[in-house]
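In what follows, a structure is listed as structure tokens, so that the remarks can point back to it.
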Amino acid sequence: MSNLTKLIHISADLALLAGFLSGVKKNTGLEPNVKLINQPTVEEYAQKYLGFGDYIYDYTVAYASTSSYFKR
């Protein structure tokens, strides 16, 4: 595998994980405690990462709710 392929694969895995964590947060109220990270810069990026997961989750739910492939 080339480096670009590995980067794409890891990026997709991280996006799926972020979406999963967002789903857990929205359905149970549980979320990672990023305040345990004692480095402000890393904590900031962790918050951005979790925010990206919220975006992915919300977009997926919006798409699924308008698609004929999904029903309630």
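According to mature numbering (1 follows the signal peptide of the UniProt record, and there is no 0), the sequence shown holds residues -23 to -1, 1 to 49 in order. No residue lacks a Cβ here, since even glycine has one placed at the ideal position from N, Cα and C. Quick caveat: nothing in here was measured; it's all calculated off a predicted structure.
Closest Cα partner of residue i within the set the options
{"i": "residue 11", "options": "21, 5, -17, -7", "result": "21"}
{"i": "residue 33", "options": "-15, -20, -19, -10", "result": "-10"}
Under 8 Å between C-beta atoms of residue i and residue j
{"i": "residue 9", "j": "residue 27", "result": "yes"}
{"i": "residue -5", "j": "residue 37", "result": "yes"}
{"i": "residue 47", "j": "residue 39", "result": "no"}
{"i": "residue -13", "j": "residue 30", "result": "no"}
{"i": "residue 1", "j": "residue -8", "result": "no"}
Alpha carbon of residue i to alpha carbon of residue j, nearest angstrom
{"i": "residue -22", "j": "residue 5", "result": "39 Å"}
{"i": "residue 3", "j": "residue 16", "result": "26 Å"}
{"i": "residue -20", "j": "residue 14", "result": "30 Å"}
{"i": "residue 24", "j": "residue 45", "result": "34 Å"}
Close Cβ partners of residue i (< 8 Å) along its chain, the five nearest in sequence each way excluded
{"i": "residue 18", "result": "none"}
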